[in-house]
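Asker: For what it's worth, the working numbering labels the leading residue of the sequence shown as 159, then goes sequentially. Yeah, the Cβ is synthetic: ideal placement off N, Cα and C, and Gly gets one too. Every value quoted in this text rests on a predicted model; they were computed, and no experiment measured them.
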Amino acid sequence: MSETVKPDSLVTLHYRLAADDGLELMNTFKERPATLKMGSGQLAPTLEQCVLGLAEGERKTFKLEPSAAFGARSDDLLQRIARSQISDNFVVEANAQIDFMSETGEKFSGFVRSFDEATVLMDFNHPLAGKHLEFEVQVIGVL
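1. With distances taken from CA atoms, which of N283, R174, L168, K218 is nearest Q237?
2. Assuming P165 and I298 make a contact with CB atoms under 8 Å, what is their CB distance in whole Å?
3. Taking only three categories from DSSP, how would you classify D274?
4. Less than 7 Å between C-beta atoms, sequence neighbours within five positions excluded: which residues of the same chain meet that for L205?
5. Name the two residues that bound the continuous alpha helix (DSSP H) containing T204.
6. Going residue by residue through the stretch 178-253, where are the continuous alpha helix (DSSP H) segments of at least 4 residues, counting only ones entirely within it?
7. Since L291 sits in a beta bridge, which residues does DSSP pair it with?
8. Who are the near neighbours of N258 in its chain, counting only those whose CB is closer than 6 Å to its CB and skipping five residues on each side?
9. Relative to the alpha-carbon of V254, which residue among D281, K195, Y173 has its alpha-carbon at the smallest distance?
10. I want to check one thing, is the minimum distance from the CB of F266 to the heavy atoms of the ligand NAP below 7 Å?
11. When DSSP labels each residue in this structure, what does V163 get in the three-state scheme?
12. Have a look at V300, L291, V295 and flag the residue whose alpha-carbon is nearest the alpha-carbon of G180.
13. To the nearest angstrom, report how far apart S160 and L212 are at their CA atoms.
14. Let's test the definition: count the other Cβ atoms within 10 Å of the Cβ of K218 and tell me whether it reaches 16, buried, or not, exposed.
Written as structure tokens, this is what we have:
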């Protein structure tokens, strides 16, 4: 009987993550498989839940709703900020990714959606927020 993936397993697997618009985010099927320790944060919790209980050799595809993946888009995460708050190291142009530092020293990123001479409309939603995802996984080995 083959081993199944448990919450503390060391798992070797192939996986592919793609957005519903066809954008492939990750695909280990084209290269070496990944070896991950379940519960260590190497795989997003939602993706780990998909892998739990799968047996060695099993291959399965999961359809993930936005709420189970990166959440819904939120208008609260669109913020208009003064251009003076953006470092001169960044070019302000449509869809540019700009990094910021929080008051606690944590780095976070946003994307420029529009701008004028005085302000920039930043989108701090995760780029995959609101998207349906497909997660395909093949378990190669379980320890």
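Answerer: With the given structure in hand:
1. It is N283 whose Cα lies nearest to the Cα of Q237.
2. In fact, because the Cβ distance is near 19 Å, the residues do not count as touching under 8 Å.
3. Residue state, collapsed to three classes: coil.
4. Hits under 7 Å: F293.
5. According to the DSSP assignment, T204 belongs to the alpha helix (DSSP H) that extends over 203-209.
6. Entirely contained in the stretch 178-253, the alpha helix (DSSP H) runs reaching 4 residues are, in chain order, 203-209.
7. L291 has A177, L222 as its beta-bridge partners, per DSSP.
8. The question names Asn, but residue 258 in the sequence shown is Phe. Correct list, in chain order: F266.
9. Position check: residue 254 holds Ala in this sequence, whereas Val was assumed. Comparing Cα-Cα distances from A254 to each of D281, K195, Y173, the minimum goes to D281.
10. Absence of the ligand NAP is noted for the structure shown, with no ligands found whatsoever.
11. DSSP places V163 in coil when its eight states are reduced to three.
12. Of the candidates V300, L291, V295, the one whose C-alpha sits nearest the C-alpha of G180 is L291.
13. Roughly 10 Å separates the two Cα atoms.
14. Around the Cβ of K218, a 10 Å sphere holds fewer than 16 other Cβ atoms; the residue is exposed.
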